[in-house]
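2 is the number of the first residue of the sequence shown in this note's numbering; add one for each residue after it.
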Amino acid sequence: PSYVAATTDAYRKGLDRLRALPTPTPPSFEETRAVRHDLGLAFSRGLHTGWLDGIDNQKLVHGKWSKKRGPYVGQLSGKPERGWLYVATTEPLKAGDGLVLEVSGSGPFDLPREVGGR
């Protein structure tokens, strides 16, 4: 499965990085962010410590969505005109990427409503 390949790749890169340095140093924020991003895409519900912090299923899996969602990539930045949406992105997008727009619920305990997708 892809999560096994992603995890193995992350460990391999980390070990190769340590071996290449004269003095082991922690990875930069950008290196850590990139690895967490790749691993988060491979695992169906993102990254978490699992049950290492105790048994709390609601904390482990929030239950807002029953399917995998990708990373947060930005925010709608412009009013739709002639069918075009303007999105200020924080991640690179490519043709074929599906986007889900989320509309806030009407109350503090209402889940967001999904609009769009592939």
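Cβ atoms here follow ideal geometry from the backbone N, Cα and C, with glycine treated the same way.
Here the structure is a predicted model, which is why all the values come from computation and not from measurement.
Straight through space, the alpha carbons of Gly99 and Val116 are spaced by roughly 11 angstroms. Counting only residues of its own chain and dropping the five nearest sequence neighbours on each side, Pro25 has a CB closer than 7 angstroms to the CB of Leu19. Taking the CA atoms as reference points, Arg13 sits about 27 angstroms from Lys95.
As computed with DSSP, Val36 is found in no beta bridge at all. When C-alpha distances from Ser78 are compared across Thr91, Pro72 and Gly71, the shortest belongs to Thr91.
Annotation: the continuous alpha helix (DSSP H) that includes Val5 extends over Ser3 to Ala21.
About 13 angstroms separates the beta carbons of Leu42 and Pro2, which is beyond the 8 angstroms limit, so they are not a contact pair.
In this structure, the beta-carbon distance from Asp39 to Ala7 falls below 8 angstroms. A straight-line Cα-Cα distance of about 45 angstroms links Gly51 and Arg83.
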